[in-house]
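As C-alpha coordinates, the structure follows; a few thoughts come after it.
Numbering (the numbering used here), first residue to last: 782 to 912.
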(Lines of atoms letter the chains of each structure in order from A; the text may use other names.)
(Lines give C-alpha, C1' and ligand atoms only; values in the text may rest on other atoms or scores of the structure.)
Protein backbone atom coordinates (compact mmCIF):
# COMPACT_ATOMS: atom_id res chain seq x y z
CA UNK A 782 0.00 0.00 0.00
CA UNK A 783 2.85 2.42 0.76
CA UNK A 784 4.34 1.83 -2.70
CA UNK A 785 0.94 2.58 -4.22
CA UNK A 786 0.52 5.86 -2.31
CA UNK A 787 4.08 6.91 -3.09
CA UNK A 788 3.60 6.17 -6.79
CA UNK A 789 0.33 8.11 -6.85
CA UNK A 790 1.92 11.10 -5.14
CA UNK A 791 4.81 11.03 -7.61
CA UNK A 792 2.32 10.79 -10.44
CA UNK A 793 0.06 13.63 -9.27
CA UNK A 794 2.46 15.99 -7.47
CA UNK A 795 4.09 17.51 -10.58
CA UNK A 796 0.64 18.62 -11.71
CA UNK A 797 -0.43 19.83 -8.28
CA UNK A 798 2.50 22.22 -7.84
CA UNK A 799 2.46 23.63 -11.34
CA UNK A 800 0.90 27.10 -11.23
CA UNK A 801 0.45 27.26 -15.02
CA UNK A 802 -2.37 24.71 -15.04
CA UNK A 803 -5.84 25.94 -16.03
CA UNK A 804 -8.57 25.81 -13.36
CA UNK A 805 -10.19 22.82 -15.10
CA UNK A 806 -6.83 20.99 -15.06
CA UNK A 807 -6.27 21.77 -11.37
CA UNK A 808 -9.79 20.52 -10.68
CA UNK A 809 -9.06 17.30 -12.59
CA UNK A 810 -5.96 16.64 -10.50
CA UNK A 811 -7.84 17.27 -7.27
CA UNK A 812 -10.90 15.20 -8.21
CA UNK A 813 -8.87 12.20 -9.37
CA UNK A 814 -6.69 12.47 -6.25
CA UNK A 815 -9.78 12.48 -4.01
CA UNK A 816 -11.34 9.62 -6.00
CA UNK A 817 -8.22 7.51 -5.44
CA UNK A 818 -7.96 8.44 -1.77
CA UNK A 819 -11.65 7.85 -1.13
CA UNK A 820 -12.77 5.04 -3.40
CA UNK A 821 -9.55 3.02 -3.60
CA UNK A 822 -7.62 3.69 -0.41
CA UNK A 823 -10.33 4.27 2.22
CA UNK A 824 -13.60 2.79 0.87
CA UNK A 825 -12.64 -0.85 1.56
CA UNK A 826 -12.21 0.07 5.25
CA UNK A 827 -15.49 1.46 6.66
CA UNK A 828 -13.93 3.23 9.65
CA UNK A 829 -11.23 4.89 7.52
CA UNK A 830 -13.82 5.84 4.90
CA UNK A 831 -16.08 7.43 7.53
CA UNK A 832 -13.13 9.44 8.82
CA UNK A 833 -12.19 10.50 5.27
CA UNK A 834 -15.78 11.70 4.66
CA UNK A 835 -15.59 13.85 7.82
CA UNK A 836 -12.99 16.19 6.32
CA UNK A 837 -13.90 19.86 5.69
CA UNK A 838 -15.76 20.49 2.46
CA UNK A 839 -17.74 17.22 2.49
CA UNK A 840 -21.49 17.59 3.07
CA UNK A 841 -23.89 14.64 3.03
CA UNK A 842 -26.82 15.20 0.67
CA UNK A 843 -30.41 14.60 1.68
CA UNK A 844 -31.95 11.41 0.30
CA UNK A 845 -33.99 13.50 -2.15
CA UNK A 846 -30.91 15.32 -3.50
CA UNK A 847 -28.82 12.14 -3.49
CA UNK A 848 -31.42 10.27 -5.58
CA UNK A 849 -30.37 12.25 -8.67
CA UNK A 850 -26.92 10.60 -8.50
CA UNK A 851 -27.87 7.12 -7.30
CA UNK A 852 -29.70 5.91 -10.41
CA UNK A 853 -32.56 4.32 -8.49
CA UNK A 854 -30.27 2.36 -6.16
CA UNK A 855 -30.11 2.69 -2.38
CA UNK A 856 -27.05 4.60 -1.24
CA UNK A 857 -25.66 7.91 -0.05
CA UNK A 858 -24.11 10.95 -1.68
CA UNK A 859 -21.92 13.83 -0.57
CA UNK A 860 -21.42 17.22 -2.13
CA UNK A 861 -17.72 18.08 -2.00
CA UNK A 862 -16.33 21.61 -2.27
CA UNK A 863 -12.53 21.83 -2.17
CA UNK A 864 -10.15 24.64 -3.08
CA UNK A 865 -9.89 23.68 -6.78
CA UNK A 866 -12.92 21.50 -7.39
CA UNK A 867 -16.53 20.62 -6.76
CA UNK A 868 -17.90 17.11 -7.19
CA UNK A 869 -20.40 14.60 -5.85
CA UNK A 870 -19.26 11.34 -4.28
CA UNK A 871 -21.70 8.42 -4.10
CA UNK A 872 -21.66 5.05 -2.43
CA UNK A 873 -23.97 2.10 -3.04
CA UNK A 874 -23.69 0.00 0.10
CA UNK A 875 -20.33 -1.73 0.32
CA UNK A 876 -20.13 -2.38 -3.41
CA UNK A 877 -19.61 0.86 -5.33
CA UNK A 878 -17.97 4.23 -4.85
CA UNK A 879 -18.25 6.83 -7.62
CA UNK A 880 -17.43 10.47 -8.31
CA UNK A 881 -19.44 12.84 -10.52
CA UNK A 882 -17.68 16.04 -11.56
CA UNK A 883 -18.39 18.71 -14.17
CA UNK A 884 -16.08 21.27 -15.71
CA UNK A 885 -12.92 19.16 -15.61
CA UNK A 886 -10.31 19.21 -18.32
CA UNK A 887 -11.25 16.08 -20.27
CA UNK A 888 -7.81 15.09 -21.52
CA UNK A 889 -6.14 15.76 -18.14
CA UNK A 890 -8.78 13.70 -16.33
CA UNK A 891 -8.48 10.85 -18.81
CA UNK A 892 -4.66 10.86 -18.59
CA UNK A 893 -4.74 10.78 -14.79
CA UNK A 894 -7.29 7.95 -14.65
CA UNK A 895 -5.57 5.92 -17.39
CA UNK A 896 -2.22 6.38 -15.64
CA UNK A 897 -3.70 5.23 -12.37
CA UNK A 898 -5.38 2.19 -13.96
CA UNK A 899 -2.17 1.30 -15.79
CA UNK A 900 -0.29 1.50 -12.50
CA UNK A 901 -2.82 -0.88 -10.92
CA UNK A 902 -2.52 -3.25 -13.85
CA UNK A 903 1.28 -3.23 -13.55
CA UNK A 904 0.86 -4.14 -9.89
CA UNK A 905 -1.22 -7.19 -10.81
CA UNK A 906 -4.71 -5.80 -10.29
CA UNK A 907 -7.47 -6.62 -12.73
CA UNK A 908 -10.14 -4.17 -13.78
CA UNK A 909 -12.60 -3.61 -16.57
CA UNK A 910 -12.76 -0.15 -18.07
CA UNK A 911 -16.11 1.10 -19.37
CA UNK A 912 -14.66 3.76 -21.65
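From the three backbone atoms N, C-alpha and C, an ideal C-beta is built for every residue, glycine too.
Nothing here was measured: the structure is a model prediction, and the numbers come from that model.
Taking the alpha-carbon positions, what's the residue i to residue j distance?
i           : j           : result
residue 905 : residue 804 : 34 Å
residue 874 : residue 897 : 24 Å
residue 840 : residue 902 : 33 Å
residue 831 : residue 838 : 14 Å
residue 890 : residue 870 : 16 Å
residue 829 : residue 879 : 17 Å
In the structure shown, what three-state DSSP assignment does residue i receive?
i           : result
residue 857 : strand
residue 830 : helix
residue 821 : helix
residue 840 : strand
Pick out whichever of the options has its Cα sitting closest to the Cα of residue i.
i           : options            : result
residue 823 : 877, 884, 883, 838 : 877
residue 862 : 834, 892, 899      : 834
residue 802 : 888, 857, 895      : 888
residue 936 : 895, 900, 882, 899 : Coverage of the chain is limited to positions 782 through 912, which leaves residue 936 absent and any answer about it impossible.
residue 860 : 821, 826, 848      : 848
residue 809 : 820, 865, 899      : 865
residue 868 : 826, 842, 895      : 842
Please confirm whether residue i and residue j have their CB atoms less than 8 Å apart.
i           : j           : result
residue 817 : residue 885 : no
Buried or exposed for residue i, going by 16 or more other Cβ atoms inside 10 Å?
i           : result
residue 836 : exposed
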